[in-house]
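Everything on this sheet refers to the single structure shown next.
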Amino acid sequence: MENNSRRGFMGIAFGAVAGIGAVGSLYAMKKSWDPLPSVKAAGFTTLDMTIYNENELVVEKWRGKPIFVLKKTADMVAKQDDDMKARDIVVDGSHYMVCIGLCTHLGCIPAYNADNEGFVCACHGGEFDYAGFVRKSPPGRGFDIPPFTIKGTTLVLGEAGPEFTDMKANAVTL
Amino acid sequence: MAHFEKATSIHDWLNQRLAVDAVNRVMMTEYWIPKNINFLWAMGMVLVITFAMLLVSGIFLLMYYQPNVDTAFYSVNYTIMREVDFGWLWRHVHGVAASVVFLIIYIHMFTGIYYGSYKKGREMIWISGMLLFVAFSAEAFSGYMLPWGQMSYWAGMVITNLFAGGSLHADGLVEWIRGDYVPAQAFLTRFFMLHVLLIPLAIMGLIGLHFAALRIPHVNNQDGDEIDFDVEAKKYLDGDKAGSKVMRFANDFMSKDMMVVGFYLVFFFYLVFYHYGFAMDPVNFDPADGLKTPAHIYPEWYFLWSYEILRPFPFDVGLIAFAFAQVIFTLLPFLDKSPNSVPANRRGPFAIWFWVMIVNLIVLTAMGKLPPEGIFNYIGFVSAVLFIVQWLALPFITKLEKKV
Amino acid sequence: MKNKEPLILAVVVFFTLVTYYLVEPYAHHVMHKHVESEHFEYKDLAEFTPTTNVANGKELVMSNCTACHSINVANMPAPMDAVTSAATYGVNPPDLSNAGVVYDAKYLAAFIADPAKAANVSHKFNDTKMHPMPAYNWMQPSEISDIVAYLQSIAVKAEELTPALAFENACGRCHAMGYEKWTQLGTKPTFKHKKDELAYDIKVIEYEDSIKAYMGKLPPDLSMYIRSRNEHFISTLVENPQNHLAGTAMPRTGVSAETMEKVIEHMKDAGDTKRHEREEVGMKVMIYIIIFAIFALLWKKQVWRDLH
Chain A
69 MENNSRRGFM GIAFGAVAGI GAVGSLYAMK KSWDPLPSVK AAGFTTLDMT
119 IYNENELVVE KWRGKPIFVL KKTADMVAKQ DDDMKARDIV VDGSHYMVCI
169 GLCTHLGCIP AYNADNEGFV CACHGGEFDY AGFVRKSPPG RGFDIPPFTI
219 KGTTLVLGEA GPEFTDMKAN AVTL
Chain D
3 MAHFEKATSI HDWLNQRLAV DAVNRVMMTE YWIPKNINFL WAMGMVLVIT
53 FAMLLVSGIF LLMYYQPNVD TAFYSVNYTI MREVDFGWLW RHVHGVAASV
103 VFLIIYIHMF TGIYYGSYKK GREMIWISGM LLFVAFSAEA FSGYMLPWGQ
153 MSYWAGMVIT NLFAGGSLHA DGLVEWIRGD YVPAQAFLTR FFMLHVLLIP
203 LAIMGLIGLH FAALRIPHVN NQDGDEIDFD VEAKKYLDGD KAGSKVMRFA
253 NDFMSKDMMV VGFYLVFFFY LVFYHYGFAM DPVNFDPADG LKTPAHIYPE
303 WYFLWSYEIL RPFPFDVGLI AFAFAQVIFT LLPFLDKSPN SVPANRRGPF
353 AIWFWVMIVN LIVLTAMGKL PPEGIFNYIG FVSAVLFIVQ WLALPFITKL
403 EKKV
Chain X
937 MKNKEPLILA VVVFFTLVTY YLVEPYAHHV MHKHVESEHF EYKDLAEFTP
987 TTNVANGKEL VMSNCTACHS INVANMPAPM DAVTSAATYG VNPPDLSNAG
1037 VVYDAKYLAA FIADPAKAAN VSHKFNDTKM HPMPAYNWMQ PSEISDIVAY
1087 LQSIAVKAEE LTPALAFENA CGRCHAMGYE KWTQLGTKPT FKHKKDELAY
1137 DIKVIEYEDS IKAYMGKLPP DLSMYIRSRN EHFISTLVEN PQNHLAGTAM
1187 PRTGVSAETM EKVIEHMKDA GDTKRHEREE VGMKVMIYII IFAIFALLWK
1237 KQVWRDLH
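Protein chains in written order, with our numbering: chain A, 69 to 242; chain D, 3 to 406; chain X, 937 to 1244.
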């Protein structure tokens, strides 16, 4: 006694065609879930680097995250060792620390002390210097540096220029 | 604890816990369907497929739609139509499917009326089906509010005003329904809730009831014959597939269902990509403006016949006629007093009643769209009266039917 | 048992098509009057005789027009900013850089000679309330032709006129188009500080108040007009607004037929942006679904071979 109608090869063929349609629909569904063009376009922040004052921390915004911009004094620049120099960002003759203002330990925003020329994180006491290096644990690595590219006197965050690519290659930042 | 044995396979494991074989037999392979049917019998499956498309496209619209009076229109016409990848596709599918589903519902309904599939044990199928029609109507109306265009706003205004009950002046009730003096934020969000959660749940429950109501009486056939399903099933299972009067739901009936669905989808997607204006009325591409009424307001095509029954009479009379029109179809199994459960063409006067009803509903539909002026007014009035007269006459016409 | 399915299908299709016809084409025909296109011939205007004296045209423009109109390509700035202009005149006198390519030459000449008459808005003005631009019908027709020749010489070539530029010139001084970030003051820039953005928005509102006072009501945002109206309506409306909206304050803009096509294209870019993708995907889906239907048919035939 037959249990099922004979499906035969045509049934399987039809099932395969229907399956192709299902895959196509899944593709369209996946694309609908993607971030919108306006979201991706907002992923670029342009900073006018002429407005900053020396040793005055300014917090900008990029992709919803705080960005520390610190213009270094001549004294600060002279004191830099090789590691600190690797993190240095030079725009139109001035030296800056530009990084994501989140403690690399667990993500709180550290405060800047201009007298001390360093950052202290209130959450667990971590400290960073004016170049973004760790001065006191628990953070395990220096501030992360966002992708950037230098265009004249502006810095465009979100776009990876040659200087940033080098930093990544030399493991200065993630 | 019932007795369980060590399973011999995954299939056996599932069988012991969920009786999958028994379910498969009852719902699929030994759910016997008469062979004496035509493609109209596939409309149920077409509706299931269309409802599934509404659900899926609705899910992706829901990801980006904003139920806020200031951003709703933008979220649909800018974000979804311009920004979201394939957003335009989900919107077109959703709009076209919402309109076409009613075409299929009407074909499905009138198939049932023609072949007497509401009689003799099938009354619950008919009633649950009519409840589904009401639920789909509510779903369509609530959905139409969401883009918050001019038609959304003014249709919302007009239809909620009906609940004031004419001379009853139940303005308090109207304000309660809206949550505000006019259709505004409260109105939009509550209809969003209805459209996205409450009514879809009701529809899914009613579909379950509809299928359950069908299982015992079994599907009807083109001649209204009473079939001994056990005898015919035995013939089939003994090998006489050609001689038996029945076939399996799966895969015999389903393969024909799928073929009809295939042709339907060609028609459906043609509309989605190339001919969708009828489902997305131009007036609704103007953002809602409470201080400006469009020159022409009209409901979607599937509500026009019922809208036209409201219009030609003085307001209170029109409201009563409108209420009558909403419920009267549901009472069909009880108004049809004839013992005959055969197709209309063998029922004499009932056949005339049937075709006049169809033509009249089309006339009402057309008049509902046309401006209420001149000859259109007159035709609309005559049609509305004819509709009411036809239903009042039905018990008498059917009582006089000779037994076939 | 006779196969009744072809007859049943015919009946269903027949009733569906009848209903569709009555509810859509017929009803819309009854509701909206049809206006024939005049193909932008501007037959009511005087004949135009082109000249080639661009130099004389330039002199005339510099001495007669630049008091109110800027000409960016000729480095002539606007005498006032747009908001003050609108408050003073009711409208902001347009920049003339591309007037020569956007507008029909015959219309341009007629407009310079008598703006209110050419634009079909004479009914709005009288001796006490005059059109903000004076009539230049005291000039020789050849002088006006010289002006047109100059304007045509400084404008971009017809092929270089983009849909956006056509729209901004012909419509954008009165109509905003939010979905393309177009305000009557120009494309809205992105602002870093909320305060600057709000200041810009206030300027737009002030400008819109001036237009509203001048026109009687604010010209609507056109972002979705290609879908809320249709191509034919928009084209015939722009050709002569009085044909559709008798007594309207909207001027006949005098665009050429080519410019009109580009304006429509821009309106489609705004309100029907994904049309090309829709056609592309549509073709692929139609091919797929036809194959799907064929396979379903073949499966059905195979299953039913022993059922008949």
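Even glycine gets a Cβ: it sits at the ideal position worked out from N, Cα and C.
Cα-Cα, which of the options is closest to residue i?
i       : options                               : result
X/T1123 : X/H968, X/E1215, X/Y1136 and X/T1172  : X/Y1136
X/T878  : X/Q1088, X/V959 and X/I1223           : Here chain X has residues from 937 to 1244 only, and residue 878 of chain X is not among them.
X/K994  : X/P1187, X/V971 and X/V1084           : X/V1084
D/M359  : D/V22, D/L394, D/N163 and D/K371      : D/L394
D/M29   : D/I390, D/H220, D/L199 and D/I12      : D/H220
A/E122  : A/D150, A/H163, A/I135 and A/L115     : A/H163
X/M1196 : X/E1216, X/R1165 and X/Y1039          : X/Y1039
X/I1200 : X/A1232, X/K1065, X/C1107 and X/A1035 : X/C1107
A/S100  : D/D173, D/V86 and D/H110              : D/V86
X/A1049 : X/N1179, X/A1071, X/M1222 and X/D1082 : X/A1071
D/F231  : D/K371, D/G241 and D/S246             : D/S246
X/A1102 : X/P1030, X/H1202 and X/G1152          : X/H1202
D/H212  : D/I51, D/Y33, D/L133 and D/N79        : D/L133
Leaving out five residues on either side along the sequence, give the residues of the same chain with a beta carbon under 7 angstroms from the beta carbon of residue i.
i       : result
X/A1193 : H975 and F976
A/N72   : With a pLDDT of 44 at A/N72, under the threshold of 50, the modelled position of that residue is not reliable, and no figure is offered here.
A/Y198  : L138, K140, M144, M165, E185 and G186
X/L1121 : A1018, K1139, V1140 and Y1143
D/S77   : Y66, Y67 and Q68
A/M69   : Low per-residue confidence applies at A/M69: pLDDT is 37, beneath 50, and the placement is therefore not dependable enough to give any value.
A/V188  : P178, A179, N181 and E195
X/F1047 : A1054, A1055 and G1190
D/W156  : T295, P296 and I299
X/R1163 : G1207 and D1208
A/V126  : Y120 and V137
D/D318  : G168 and S169
D/V71   : W150, A186, Q187 and L190
Taking the continuous beta strand (DSSP E) assigned at residue i, which residues delimit it?
i       : result
D/M65   : Note, D/M65: premise wrong, no beta strand (DSSP E); not H, not E.
D/L250  : The residue asked about is misnamed: residue 250 of chain D is Arg in this sequence, not Leu. Looking at the DSSP string, the run of the beta strand (DSSP E) that includes D/R250 is V248 to R250.
X/Y1115 : Segment: none, X/Y1115 is in no beta strand (DSSP E) and carries neither H nor E.
A/E128  : V126 to W130
A/E195  : E195 to D197
D/I218  : Looking at the DSSP string, D/I218 is not in any beta strand (DSSP E), and its letter there is neither H nor E.
Quick one: give me the first and last residue of the alpha helix (DSSP H) that residue i is part of.
i       : result
D/D14   : I12 to L20
X/T1172 : E1167 to E1175
D/H409  : No information on residue 409 of chain D is available, as it lies outside the stretch 3 to 406 that chain D covers here.
D/M282  : It is not in any alpha helix (DSSP H) - D/M282 carries neither H nor E in the DSSP assignment.
X/T1195 : A1193 to G1207
Just to confirm my understanding: we take residue i, look at its own chain, exclude 5 residues before and 5 after, and list those with CB closer than 6 angstroms. What are they?
i       : result
X/A1022 : N1028, Y1143 and S1146
X/M937  : For X/M937, the predicted structure reports a pLDDT of 48, less than 50, and the residue's modelled location is therefore unreliable. The matter cannot be settled from this model.
A/L225  : T113, W130, P214 and F216
X/A1026 : The residue you asked about is not Ala; residue 1026 of chain X is Gly in the sequence shown. Excluding sequence neighbours, X/G1026 sits near P1068 and Y1150.
D/Y2    : There is simply no residue 2 of chain D to check, as chain D begins at 3 and stops at 406 in what is shown.
D/N222  : Y117 and S119
Leaving aside the five residues before and after residue i along the sequence, list all residues of the same chain whose C-beta is less than 8 angstroms from its C-beta, in chain order.
i       : result
X/A1094 : V1037 and E1194
D/Q18   : F6, E7 and A9
D/D288  : G151, Q152 and P296
A/E227  : F112, P215, F216 and T217
Is the segment 88-102 of chain D touching the segment 273-291 of chain D in the sense that three or more CB pairs, one from each, lie closer than 8 angstroms? Yes, since at least three Cβ pairs between the segment 273-291 of chain D and the segment 88-102 of chain D fall closer than 8 angstroms, the two stretches touch.
Of all the beta strand (DSSP E) runs that stay within the bounds of the segment 81-118 of chain A, which reach a length of 3 or more residues? Segments of the beta strand (DSSP E) lying fully in the segment 81-118 of chain A: 113-116.
Using a Cβ distance threshold of 8 angstroms, determine whether the segment 378-385 of chain D contacts the segment 136-155 of chain D, with at least three qualifying pairs required. no
Does the segment 1112-1126 of chain X come within contact of the segment 1151-1164 of chain X, defined as at least 3 CB pairs closer than 8 angstroms? Contact between the segment 1112-1126 of chain X and the segment 1151-1164 of chain X is present, because at least three Cβ pairs lie under 8 angstroms.
Check whether the segment 1055-1063 of chain X touches the segment 1184-1198 of chain X, taking contact to mean three or more Cβ pairs, one atom from each stretch, closer than 8 angstroms. yes
How about the segment 121-131 of chain D and the segment 157-174 of chain D: do they share at least three Cβ pairs that are nearer than 8 angstroms? no
Taking 8 angstroms as the cut-off, does the segment 192-211 of chain A touch the segment 167-183 of chain A (at least 3 CB pairs, one atom from each stretch)? Under the three-pair Cβ rule at 8 angstroms, the segment 167-183 of chain A counts as touching the segment 192-211 of chain A.
Would you check if the segment 327-342 of chain D and the segment 105-121 of chain D touch, i.e. whether three or more CB-CB distances between them fall below 8 angstroms? The segment 105-121 of chain D is in contact with the segment 327-342 of chain D.
Should the segment 385-404 of chain D be called in touch with the segment 11-25 of chain D, which here means at least 3 C-beta pairs below 8 angstroms? Contact fails: fewer than three Cβ-Cβ distances are below 8 angstroms.
Indicate whether the contact test is met: 3 or more Cβ pairs, each with one atom in the segment 84-103 of chain A and one in the segment 1221-1231 of chain X, closer than 8 angstroms. yes
Counting Cβ pairs closer than 8 angstroms, one from the segment 1160-1180 of chain X and one from the segment 1070-1079 of chain X, do we hit at least three? no
Using 8 angstroms as the threshold, is the segment 366-374 of chain D in touch with the segment 949-961 of chain X, meaning 3 or more CB pairs across them? Touching, yes, given that three or more Cβ pairs across the two stretches are closer than 8 angstroms.
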